[in-house]
Amino acid sequence: MGPISAEITIDAPREQVYAIIADLGMRPAFCDHFMEEFRLQRIAATGVGAAARYRVGAPRFPIWLETVIAELEPPHLILERGKGSRIDRMPVGTDWELISRSGTMTDVTVSFWTEPRHPIDKLKDRASSARWYERQWKRALMRLRDLVEADAEIRTLQVAGASHP
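The opening residue of the sequence shown carries number 759 in my numbering; numbering runs sequentially from there.
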């Protein structure tokens, strides 16, 4: 599938938006409407190698995905690579691009895709709704914008339940 893309303009400095997106521990704050059972895979939630696993509750074909931060180019690019499907046999990717505009405005674009190789994964991929994924990413960006522009405190998820009292 894909790549599918979503974009939004956020009234905040690029560095501030980048810091939130690059921290996987903050991802549930704006993606938990479609990323369920989100858990960090490593102690460090930021930096190259930081990883998380979650379940996407897509209609017809819910799927487990893992994402790993593969490359960071502060403050404008975050590349995530991972695997999904049964026994993690399907490569997936998520790219975040941040572009400064006049003043403190930041354009954020997220692209997501899957690369099914197994015949069953290819069949499920064709039957899944790219439009559903696109709607979820657009909603995630709107939630991110609302959090950043309201200067809301974002509670960071930590490994092994350390973030829960």
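Every residue, glycine too, gets a C-beta built ideally from N, C-alpha and C. In this text, all values refer to a predicted model and were calculated from it rather than measured experimentally.
So Pro849 is in the beta strand (DSSP E); what residue range does that whole segment cover?
Met848 to Ser858
Given that a residue counts as buried once 16 or more other Cβ atoms are within 10 Å of its Cβ, and exposed if not, what is Asp781?
Counting the other CB atoms within 10 Å of its CB gives Asp781 a total of 16 or more, which places it among the buried residues.
Beta-carbon proximity of Phe870 to Gly760, cut-off 9 Å
yes
Expected contact under 8 Å - CB spacing of Leu899 and Ile778 to nearest Å
The Cβ separation is near 12 Å, so there is no contact.
Pop quiz: Val775 and Val866 are said to be a contact at Cβ under 8 Å. What is the actual Cβ separation, rounded to whole angstroms?
6 Å
Using alpha carbons as the reference points, say which of Arg893, Ser887 and Gly861 lies closest to Arg772.
Gly861
Helix, strand or coil: how does DSSP classify Gly840 here?
strand
What's the call for Gln886, buried or exposed, on a 16-neighbour Cβ count within 10 Å?
Reading off the sequence shown, one finds Ser at residue 886, where the question assumed Gln. Buried.
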